[in-house]
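Residue numbers for the sequence shown follow the numbering used here, beginning at 611 and rising by one. Backbone N, C-alpha and C fix where the C-beta goes; we use that ideal spot for every residue, glycine too. Since this is a predicted model, take the numbers as computed values, not measurements. Report on the following structure.
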Amino acid sequence: MRTEAEPIPRMRAEDRRELVLEAATGVFGEFGYFGATTDQIAKAAGVSQPYVVRMFGTKEQLFLDVLQRALDRLLETFRGVLAQGAGEDLGLRMGTAYVELLTDRGLLLSLMHGFAMGSDPVIGAVTRDGFLQVYKFLREEAGFTPEQVRMFIANGMLVNTLVGLRMSDEYDTNPLAKECLCVALPEKLELVLALRESQR
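This is the structure in structure tokens:
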């Protein structure tokens, strides 16, 4: 995230767009669709609020573009793992790569905020389609059985929920929180705890 004091160097329009999308991903991930404002996003990106509106039109369109960016990144990550070979450990390797996406601030939480808006006629339709794209990838490209898909997605949603709850804030003081995190994130607990420190 940029600070207001940092000047924005001259860059191509697509680079500026990516800069705003990255900032918006962090803001939407932290505050949700309704809590985030285009002013917050502009400040995070180091640009003016009118510039954000001029680039994306509406906050809704910006959120939709954030969701599409997140989905593209997710599927790109999964395909990268699959390209390294299938095998019995594919689910574990993909799950590990999924947790590593937490380092892209707000990406997974933005998706969760989108999923929670299933009743919205526009955002809900987009997130349902995105969810089914992931399901289709797992079934048709990764070759998971329906039960394997269920377990994989359930574990991913558990990770998202724990991150959204900031359960790692309780890791040092609450034995139940510690146990829950250890069970849900056995391979990547250190990463989650490191992210906790960076967000304090």
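For the putative contact between L688 and M704, defined by C-beta atoms under 8 Å, what is the C-beta separation to the nearest angstrom? Contrary to the premise, residue 688 reads as Phe rather than Leu in this sequence. For a cut-off of 8 Å, the C-beta gap from F688 to M704 is around 6 Å, short enough to register as a contact.
Between the region 738-758 and the region 656-670, do three or more beta carbon pairs fall short of 8 Å? Flag = no, the region 738-758 and the region 656-670 do not touch.
Using CA atoms only, rank isn't needed, just tell me which of D699, G645, A804 and A634 is closest to V676. Looking at the Cα atoms, A634 is the closest of the given residues.
Confirm, please, whether the CB-CB distance from M722 to N770 is below 7 Å. M722 sits close to N770, with the two beta carbons spaced by under 7 Å.
Does the region 784-800 come within contact of the region 755-773, defined as at least 3 CB pairs closer than 8 Å? Under the three-pair Cβ rule at 8 Å, the region 784-800 counts as touching the region 755-773.
Which residues in the same chain have their Cβ closer than 6 Å to the Cβ of L672, if we skip the five residues on either side of it in sequence? Listed in chain order, the non-local C-beta contacts of L672 below 6 Å within the same chain comprise A634 and F666, local neighbours out to five positions each way being set aside.
Would you call K653 buried or exposed, if buried means 16 or more other Cβ atoms sit within 10 Å of its Cβ? With 16 or more Cβ atoms within 10 Å of its Cβ, K653 is classed as buried.
Counting only runs of 4+ residues fully inside the region 695-766, write out the alpha helix (DSSP H) ranges in chain order. Scanning the region 695-766 for uninterrupted alpha helix (DSSP H) segments of 4 residues or longer gives 700-710, 717-725 and 733-746, listed from N- to C-terminal end.
Please list, in chain order, all residues of the same chain as E750 whose beta carbon is under 8 Å from its beta carbon, the five residues on each side excluded. So no residue of the chain qualifies.
Within a Cβ cutoff of 8 Å, which residues of the same chain sit near L681, ignoring the five residues on either side of it in sequence? Taken in chain order, the residues that qualify are L721, G740, Q743 and V744.
What first and last residue would you give for the alpha helix (DSSP H) that runs through V789? Looking at the sequence provided, one finds Glu at residue 789 rather than Val. First-last of the alpha helix (DSSP H) with E789: P785 to A794.
Segment contact, 8 Å Cβ cut-off, at least three pairs: the region 621-632 with the region 684-703: Touching, no.
Can the beta-carbon of M777 be found closer than 7 Å to that of A787? Going by C-beta atoms, M777 is nearer than 7 Å to A787.
Do you know whose CA, among L692, T713 and F762, lies nearest E632's CA? For the residues L692, T713 and F762, the minimum Cα distance to E632 belongs to T713.
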